[in-house]
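The opening residue of the sequence shown carries number 406 in this note's numbering; numbering runs sequentially from there. Cβ atoms here follow ideal geometry from the backbone N, Cα and C, with glycine treated the same way.
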Amino acid sequence: ENCRKCSLWRGSRHKVVGEGPLNSRIMLVGLGPGYYENLEGRPFVGAAGKFLNSLLALAGLERGKLYITNVVKCYLPDNKATDEQVKMCSQYLDRQIDILKPIVLVALGSVAANYLLTKYGLPYSSMNRLHGKVFRVEMSTYNAHIVVMYHPASALYNPSMKKLLEEDWMRLGKILPGILNETPHNTYRDNVLH
406 ENCRKCSLWR
416 GSRHKVVGEG
426 PLNSRIMLVG
436 LGPGYYENLE
446 GRPFVGAAGK
456 FLNSLLALAG
466 LERGKLYITN
476 VVKCYLPDNK
486 ATDEQVKMCS
496 QYLDRQIDIL
506 KPIVLVALGS
516 VAANYLLTKY
526 GLPYSSMNRL
536 HGKVFRVEMS
546 TYNAHIVVMY
556 HPASALYNPS
566 MKKLLEEDWM
576 RLGKILPGIL
586 NETPHNTYRD
596 NVLH
């Protein structure tokens, strides 16, 4: 709440740390709070949040059972974060991951995908190439999966992407039970939802 590692704190009414049950096996990671998130102190409550709720429903997920957070915790007036801001704030996300130990990390958008994939030693290329893909990663004490998805706001800026996002989330809903109940004999297709 008192972080002043970068200049974003000046424009933040609330630090939007995250919300959801601490025992959730699924963590959604977005970029950072927008206008409405800054006002309410909660992640994904604006138009992108409403669309995210509909995507979650397509995947058979309940928002109240997921932990939702962002890479950057302070208000991003232009919905863009510099590399320095990501670097300064990502330690808080790292700590959230260490504490919650999610089995599935859903990276919403390029900043979250780039950060999470790079953190776990995987290359980031582009959202166009990576959206809908699942990557198995080794955490310090367990295995997890990173799922790369377009940020819900991308369909608000470019309505032609809405169908693509909906298809990715429906596919995720089909394979998620296999990921969450993974055993050595599980046969879900690694690295791709398509």
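Taking 8 angstroms as the limit between beta carbons, can you name the residues of its chain near residue i, skipping five residues before and five after?
{"i": "Leu561", "result": "Ala452, Ala453, Phe456"}
{"i": "Tyr555", "result": "Leu513, Gly514, Met532, His536, Met566, Leu569, Leu570, Asp573"}
{"i": "Arg430", "result": "Pro507, Ile508, Val509, Leu585"}
Suppose you measure from the CA of residue i to the CA of residue j; what does that come to, to the nearest Å?
{"i": "Glu424", "j": "Lys492", "result": "22 angstroms"}
{"i": "Lys506", "j": "Glu571", "result": "27 angstroms"}
{"i": "Val476", "j": "Ser515", "result": "11 angstroms"}
{"i": "Pro438", "j": "Asn428", "result": "23 angstroms"}
{"i": "Asp483", "j": "Asn563", "result": "17 angstroms"}
So, for residue i: in the same chain, excluding its five sequence neighbours on each side, which residues have a beta-carbon less than 7 angstroms away from its beta-carbon?
{"i": "Asn458", "result": "Arg468"}
{"i": "Ile473", "result": "Gly423, Glu424, Gly425, Leu433, Pro448, Phe449"}
{"i": "Ser495", "result": "Val476, Tyr520"}
Whose C-beta lies closer than 6 angstroms to the C-beta of residue i among residues of the same chain, with five residues either side of it excluded?
{"i": "Ala558", "result": "Ala453"}
{"i": "Tyr593", "result": "Only weak support exists for where Tyr593 lies, its pLDDT of 38 falling under 50; the coordinates are left without a value."}
{"i": "Tyr525", "result": "Val542"}
{"i": "Tyr441", "result": "Val450, Gly451"}
{"i": "Gly578", "result": "Ala464, Gly465"}
{"i": "Leu522", "result": "Tyr529"}
How is residue i classed by DSSP in three states: helix, strand or coil?
{"i": "Arg447", "result": "coil"}
{"i": "Met432", "result": "strand"}
{"i": "Thr546", "result": "coil"}
{"i": "Ile580", "result": "helix"}
{"i": "Asn475", "result": "strand"}
{"i": "Gly422", "result": "The residue you asked about is not Gly; residue 422 is Val in the sequence shown. Correct three-state label for Val422: coil."}
{"i": "Leu466", "result": "coil"}
{"i": "Ile551", "result": "strand"}
{"i": "Leu585", "result": "helix"}
{"i": "Ala453", "result": "helix"}
Among the options, which has the Cα closest to the Cα of residue i?
{"i": "Met575", "options": "Gly435, Ile508, Leu460, Asn563", "result": "Leu460"}
{"i": "Val552", "options": "Leu527, Val511, Asn519, Val542", "result": "Val511"}
{"i": "Val539", "options": "Pro528, Thr546, Ser545", "result": "Pro528"}
{"i": "Glu587", "options": "Lys470, His550, Asn563", "result": "His550"}
{"i": "Tyr547", "options": "Asp483, Lys485, Ala486, Ile502", "result": "Ile502"}
{"i": "Ala486", "options": "Leu471, Ala517, Asp499", "result": "Ala517"}
{"i": "Ile504", "options": "Lys470, Met544, Arg534", "result": "Met544"}
If residue i sits next to residue j, beta carbons under 8 angstroms apart, how far is it from one beta carbon to the other, in whole angstroms?
{"i": "Leu481", "j": "Leu436", "result": "7 angstroms"}
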